Amino acid sequence: MRVSISENIARVHEQIEAAARRCGRDSAEIALMAVSKTQSAEVIREAYTAGQRLFGENRVQEFSEKVTTLQDLREADWHMIGHVQTNKAARAAELFHAVDSVDSLKLADKLNASARIQGKRLRALIEVNVGGEEAKSGLRPNDPELERLLSAAPGFSSLAFVGLMTVPPFTENPEGSRPYFRQLREVRDSITRRKLAGIDMSELSIGMSHDFEIAIEEGSTCVRIGTAIFGVRARK
Ligand SMILES: *Cc1c(COP(=O)(O)O)cnc(C)c1O
Numbered sequence: 073m074r075v076s077i078s079e080n081i082a083r084v085h086e087q088i089e090a091a092a093r094r095c096g097r098d099s100a101e102i103a104l105m106a107v108s109k110t111q112s113a114e115v116i117r118e119a120y121t122a123g124q125r126l127f128g129e130n131r132v133q134e135f136s137e138k139v140t141t142l143q144d145l146r147e148a149d150w151h152m153i154g155h156v157q158t159n160k161a162a163r164a165a166e167l168f169h170a171v172d173s174v175d176s177l178k179l180a181d182k183l184n185a186s187a188r189i190q191g192k193r194l195r196a197l198i199e200v201n202v203g204g205e206e207a208k209s210g211l212r213p214n215d216p217e218l219e220r221l222l223s224a225a226p227g228f229s230s231l232a233f234v235g236l237m238t239v240p241p242f243t244e245n246p247e248g249s250r251p252y253f254r255q256l257r258e259v260r261d262s263i264t265r266r267k268l269a270g271i272d273m274s275e276l277s278i279g280m281s282h283d284f285e286i287a288i289e290e291g292s293t294c295v296r297i298g299t300a301i302f303g304v305r306a307r308k
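Going from the sequence shown to the working numbering is simple: count from 1 and add 72.
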């Protein structure tokens, strides 16, 4: 059976609202990102037509090909959520409105320089690898590079850090994600408490199709949903 993207989006919105209500939060502070990696331009257009505006992609090359036929989707907010190699930073700065997966000072520097040349202001999240998994990108919470990024952030004229993102280790039971979400929130809160000049870290990008309700309980301001909107991704 063909999935109805608009019905899926509507259902996820209802689930976000219900989860927010259960923990006394306002659902207006929780953005729904449609993770459209591996999906065709046609499918992305269908989601846009259904009212979706915030999209997440994880490969610069893949998105650069798709976006050529999506230039008319003026209100789309394109976010990069996958690892960006520094040699693709300029292209990423060109294609996306935000990079939610910054994991090194070198990358931040390149994104900032490229955005400045292009006369745009990029938003960014720092990706934190709270689970400490070898195969995942992101900075460990105690990595000195995190401090270096925070120190450099106020000097970036064209890159604004607005929060943190994580992808926790996968567990069958979504409750397994909770301690990692909580840990990310604590990292965020400890940064916020320091009242560092030029740094506002209010965004917490946590929660995917299987664990977004837990993420909302733990303070998510953006849930990144692929499967629950587009169906199971085809294997490459
Ligand atoms: C693929 C992906 C998602 C979406 O995952 P689903 O389980 O399909 O909802 C979210 N975040 C990141 C970083 C991803 O790579």
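Note that the Cβ used here is the ideal one computed from N, Cα and C, for glycine as well. On a predicted model such as this, the values are computed, not experimentally measured, just so you know.
If you check the C-beta of V239 against ligand 1, you find a heavy atom less than 7 Å away.
Per DSSP, the continuous beta strand (DSSP E) segment holding D172 begins and ends at 170–174. Under the DSSP assignment, I198 falls in the beta strand (DSSP E) whose first and last residues are 194–199.
Under the three-state reduction of DSSP, R296 is assigned to strand. Listed as beta-bridge partners of M237 by DSSP are E199, S277. Counting C-beta atoms within 10 angstroms of its own C-beta, C294 has 16 or more neighbours from the protein chains shown and is therefore classed as buried. When secondary structure is reduced to three states using DSSP, V75 falls in the coil class, being assigned neither helix nor strand. Rounded to whole angstroms, the separation of the alpha carbons of I297 and E114 is 18 Å. Membership of E217 in the alpha helix (DSSP H) is indicated by the continuous run 216–224. Relative to S230, the option among G270, I286, R307 whose CA is nearest is G270. Here the C-alpha atom of E134 lies approximately 33 Å from the C-alpha atom of E247. Your pair E206 and P241 does not check out as a contact, with CB atoms roughly 11 Å apart and the cut at 8 Å. Residues of the same chain with a CB within less than 7 Å of the CB of R257, apart from the 5 flanking positions on each side, are L276, E290, G291 in chain order. Around the beta carbon of S76, fewer than 16 other beta carbons sit within 10 angstroms, so the residue counts as exposed. With a beta-carbon spacing of about 7 Å, H151 and L126 fall inside the 8 Å limit used to define contacts. Residue pairing of V304 in beta bridges, as defined by DSSP: absent, with no partner found. Out of V107, L177, A225, the CA that lies nearest to the CA of E129 is found in V107. Between the alpha carbons of D149 and S176 lies a distance of about 23 Å.
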